[in-house]
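Residue numbers (the numbering used here): 6 to 202. Cβ coordinates follow ideal geometry from the N, Cα and C atoms, glycine included. Heads up, the thing below is written out as structure tokens.
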């Protein structure tokens with residue numbers, strides 16, 4: 006991937022979705038070396054899935070980006086994330102909440118899939134009550150070839166946030182970010198659509 010290609014895709018997506026939505030470039034499969042391409046392309050916010058990779062990438066490119074944590078949040082990794090990130094998208098346990106010190110979104114598992122992290126709707130209230138700096142909610146619908154099938158999940162997440170006076174919604178990935186934006190996403194987490202077109 007070249008900086009020019011990434012910049013062109015980034016600007017196209019930005020034009021398509023408008024300025025009110027934050028584009029979080031998911032860097033799970035982007036090496037430390039390749040982050041230089043993202044910096045040169047003008048990417049502002051990156052989202053990392055693993056605390057270990059976050060540390061390594063931040064050590065090289067600390068000031069080049071605003072850093073978000075988008076992977077499964079383990080309580081023992083919270084200290085690392087507190088020192089680097091401005092936002093966690095994936096708070097899903099009270100044990101992690103006890104160690105976290107930065108703004109967070111609660112991850113809600115709306116699909117009920119056992120392979121997905123996140124709290125159930127029934128447990129959402131307790132986790133929001135347990136953490137003083139919850140800004141919003143995040144979800145991951147089932148993987149699908151049809152972006153439209155993600156819509157009910159995004160719509161439900163928005164409803165849950167609105168009922169609780171929360172304003173941030175992290176929803177939508179490369180497969181369905183357009184639908185997510187239509188349903189009120191304030192943050193989208195995209196990777197392949199930026200890097201491979």
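**OP:** Flag this pair as yes or no: are the beta carbons of residue 22 and residue 186 separated by less than 8 Å?
**Re:** The Cβ-Cβ distance between residue 22 and residue 186 falls below 8 Å.
Original post:
Rounded to a whole number of angstroms, what is the C-alpha to C-alpha distance between residue 27 and residue 68?
Top reply: Within the model, the alpha-carbon separation for residue 27 versus residue 68 is close to 18 Å.
Original post:
DSSP on residue 198, reduced to helix/strand/coil?
Top reply: Three-state DSSP puts residue 198 in a helix.
Original post:
Is residue 6 near residue 50, with beta carbons less than 8 Å apart?
Top reply: Between residue 6 and residue 50, the gap from beta carbon to beta carbon reaches 8 Å or more.
**OP:** Could you tell me how far apart the beta carbons of residue 136 and residue 102 are, in whole angstroms, since I believe they sit closer than 8 Å?
**Re:** So it is a contact: roughly 4 Å between Cβ atoms.
Original post:
From residue 162 to residue 155, what distance separates their C-alpha atoms?
Top reply: Take the alpha-carbon of residue 162 and the one of residue 155: they are about 11 Å apart.
Original post:
Rounded to a whole number of angstroms, what is the C-alpha to C-alpha distance between residue 191 and residue 87?
Top reply: The alpha-carbon separation between residue 191 and residue 87 amounts to approximately 22 Å.
Original post:
Helix, strand or coil: how does DSSP classify residue 130 here?
Top reply: Under the three-state reduction of DSSP, residue 130 is assigned to helix.
Original post:
Hey, is the region 146-154 in contact with the region 170-190, meaning 3+ C-beta pairs nearer than 8 Å?
Top reply: The way I'd put it, the region 146-154 does touch the region 170-190; three or more beta-carbon pairs between them come closer than 8 Å.
Original post:
Tell me, which residues are paired with residue 141 by DSSP?
Top reply: Its beta-bridge partners are 110 and 173.
Subject >> Under the three-state DSSP convention, the category residue 20 falls into >> reply: Of the three classes helix, strand and coil, the one that applies to residue 20 here is helix, per DSSP.
Original post:
Is residue 92 closer than 8 Å to residue 142 when the C-beta atoms are compared?
Top reply: Residue 142 is not a Cβ neighbour of residue 92, given a cutoff of 8 Å.
Original post:
If you follow the alpha helix (DSSP H) that residue 88 is part of, which residue opens it and which one closes it?
Top reply: Start and end: 83-89.
**OP:** Can you grab the Cα-Cα spacing for the pair residue 56 / residue 44, in whole Å?
**Re:** Going by the C-alpha atoms only, they are around 20 Å apart.
Original post:
Ordered along the chain, which non-local residues of its own chain (more than five positions away) have a Cβ less than 6 Å from that of residue 97?
Top reply: Excluding sequence neighbours, residue 97 sits near 112, 122, 123 and 124.
Original post:
Which whole-angstrom value is the C-beta distance of residue 33 and residue 196, which I expect to be below 8 Å?
Top reply: Their Cβ separation, rounded to whole angstroms, is 7 Å, which keeps residue 33 and residue 196 in contact under 8 Å.
Subject >> Start-to-end residues for the beta strand (DSSP E) that takes in residue 50 >> reply: Its beta strand (DSSP E) spans residues 50-53.
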